[in-house]
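Quick notes on the structure that follows.
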Amino acid sequence: MGENMFKKEKVTEYIWTILIPTIITFIISWVGSYYNGTSTVSIGQPTKVSGQYITPINISPYHDIKELRITFPQKLDVKQISSNEPINVKSDKNNIGVESNSTFEIAKIVENNSVQLLITTQKKLNDKEIRIDKNGNNISVNYESQIVNPAKKQLINLIITSSIYFIMLNILALIMNKRWDKYYAKMKNEIKEFEDNAKDLDKKSKKKSEELSELRKTLNQAFEETDRIKYHEKKKQILLLAKLNDYKKELTFWRNTIRKVLYELPDGDKKADKLIGTVTSSLKTYGTVEKNEHDYESLKVAAALLNDSDKRS
Numbered sequence: 009m010g011e012n013m014f015k016k017e018k019v020t021e022y023i024w025t026i027l028i029p030t031i032i033t034f035i036i037s038w039v040g041s042y043y044n045g046t047s048t049v050s051i052g053q054p055t056k057v058s059g060q061y062i063t064p065i066n067i068s069p070y071h072d073i074k075e076l077r078i079t080f081p082q083k084l085d086v087k088q089i090s091s092n093e094p095i096n097v098k099s100d101k102n103n104i105g106v107e108s109n110s111t112f113e114i115a116k117i118v119e120n121n122s123v124q125l126l127i128t129t130q131k132k133l134n135d136k137e138i139r140i141d142k143n144g145n146n147i148s149v150n151y152e153s154q155i156v157n158p159a160k161k162q163l164i165n166l167i168i169t170s171s172i173y174f175i176m177l178n179i180l181a182l183i184m185n186k187r188w189d190k191y192y193a194k195m196k197n198e199i200k201e202f203e204d205n206a207k208d209l210d211k212k213s214k215k216k217s218e219e220l221s222e223l224r225k226t227l228n229q230a231f232e233e234t235d236r237i238k239y240h241e242k243k244k245q246i247l248l249l250a251k252l253n254d255y256k257k258e259l260t261f262w263r264n265t266i267r268k269v270l271y272e273l274p275d276g277d278k279k280a281d282k283l284i285g286t287v288t289s290s291l292k293t294y295g296t297v298e299k300n301e302h303d304y305e306s307l308k309v310a311a312a313l314l315n316d317s318d319k320r321s
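With positions in the sequence shown counted from 1, the corresponding number in our numbering is that position plus 8.
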């Protein structure tokens, strides 16, 4: 998921930083080329030659120009118009209320075929009053008297183009900064969330470790307590067996004493055995018979050792 998001951000960054500026540059260049390629009509200033005035009109078609209409502020005849290229020029005599003007229509000027017209008049024409009816053609009209310095015009175009680029780049920079701030805030939140999760897991891990340590401690205490109980039980057992050994010695002493007394009577040995057998049978103390005796002396030694060990501890 993180890798896909990274790729998506890369693609978006590529679109905003490379593709869109390229498209904008292309559009600006295309628009500039379009306007620079517009057909132009340049109207020059009248020049006096041999008592007559000659006014030049240069037509530079970027595309085919159809039905271009030119109106002059004087009454003129078609014969007063000369051209360097063969063109079809006709006078428009349907003008109403403009008897002092003359309008001519040029049927067609072929693309990239520059035409130079020379208008010969007796009176000086006011070039600013010569009107061009574009009639739907993409034409730019320039008056020589108003033409600015080419270097100045180039400088103005350069300033305009640079300003457009500056504005577009600043807009793109602003958009990219906002996108970067949004992306940075998103990544910051994800990092904080990851750190919080890591801290939470660390706390849980420490808690589980403490619980496990406490459980081990409890188990060790239980084992120690079990061992202690077993030890004391064994100790009690050994001490009881040792005490039984003392009682057995005392019982044996009295049995032997009684037996000696009975042996002095007639048939004393039989009477002694019978009496002792009867007592043993009645009390069920068969363990006191010598052949069933355990190693009580060893038990007594073990009990003594346990007592010494307890005293040291």
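Every residue gets a Cβ at the ideal spot worked out from N, C-alpha and C, and that includes glycine. Quick caveat: nothing in here was measured; it's all calculated off a predicted structure.
Residues sharing a beta bridge with residue i, DSSP
i       : result
Glu-113 : Arg-77 and Lys-98
Leu-125 : Ile-65 and Ser-91
Asn-150 : Ser-50
Arg-139 : Thr-79
Lys-360 : Given that the chain is displayed from residue 9 to residue 321, the structure contains no residue 360 and the question cannot be resolved.
Chain D within 8 Å of residue i, Cβ atoms only
i       : result
Thr-129 : Chain labels in this structure do not include chain D; a single protein chain is all it has.
Sub-8 Å separation of residue i and residue j beta-carbons
i       : j       : result
Ala-115 : Asn-96  : yes
Leu-76  : Ile-117 : yes
Pro-54  : Ile-62  : yes
Gln-154 : Ser-110 : no
Asn-150 : Thr-48  : yes
Ile-73  : Asn-120 : no
Ile-4   : Ile-138 : Shown here, the chain extends from 9 to 321; a query on residue 4 therefore has no answer.
Leu-125 : Ile-65  : yes
Arg-263 : Ile-246 : no
Alpha-carbon spacing of residue i relative to residue j, whole angstroms
i       : j       : result
Asn-134 : Phe-80  : 9 Å
Val-123 : Ile-183 : 50 Å
Met-13  : Leu-220 : Because Met-13 carries a pLDDT of 48, less than 50, the predicted location of this residue cannot be relied on, and the following value inherits that uncertainty. Looking at the two C-alpha atoms, the distance is approximately 41 Å.
Leu-177 : Glu-152 : 37 Å
Asn-205 : Lys-211 : 10 Å
Thr-128 : Leu-163 : 36 Å
Ser-217 : Leu-223 : 10 Å
Thr-136 : Thr-169 : The sequence given here places Lys at residue 136; Thr does not occur at that position. Rounded to whole angstroms, Lys-136 to Thr-169 spans 30 Å at the Cα level.
Leu-252 : Lys-282 : 25 Å
Tyr-70  : Pro-94  : 18 Å
Lys-299 : Leu-227 : Low confidence applies here, because Lys-299 scores a pLDDT of 47, under 50, leaving its location unreliable; read the following figure in that light. Going by the C-alpha atoms only, they are around 46 Å apart.
Ser-213 : Arg-187 : 38 Å
Ser-171 : Asn-185 : 21 Å
Ala-230 : Met-195 : 52 Å
Val-287 : Lys-225 : 56 Å
Phe-112 : Asp-141 : 10 Å
Arg-267 : Asp-254 : 20 Å
Tyr-271 : Lys-238 : 48 Å
Thr-265 : Glu-258 : 11 Å
Tyr-191 : Asn-197 : 10 Å
Gly-59  : Gln-130 : 8 Å
Lys-132 : Ser-91  : 19 Å
Glu-201 : Asp-208 : 10 Å
Leu-249 : Leu-273 : 36 Å
His-240 : Thr-260 : 30 Å
Lys-323 : Lys-56  : In the structure displayed, the chain extends from 9 to 321; residue 323 sits before or after that span and is not available.
Arg-236 : Ile-199 : 54 Å
Ile-8   : Ser-108 : Lying before the first or after the last residue shown, residue 8 is absent from the chain, which here runs from 9 to 321.
Asp-100 : Lys-160 : 39 Å
Glu-203 : Ala-181 : 32 Å
Tyr-173 : Ala-193 : 30 Å
Lys-243 : Thr-234 : 14 Å
Ser-289 : Glu-232 : 45 Å
Query raised in the report: If we count Cβ pairs, one from each stretch, closer than 8 Å, do we get three or more for the region 82–93 versus the region 42–61?
Result: no
Requested in this report: Mind listing, in chain order, the continuous beta strand (DSSP E) runs of no fewer than 3 residues lying wholly within the region 185–235?
Outcome: none
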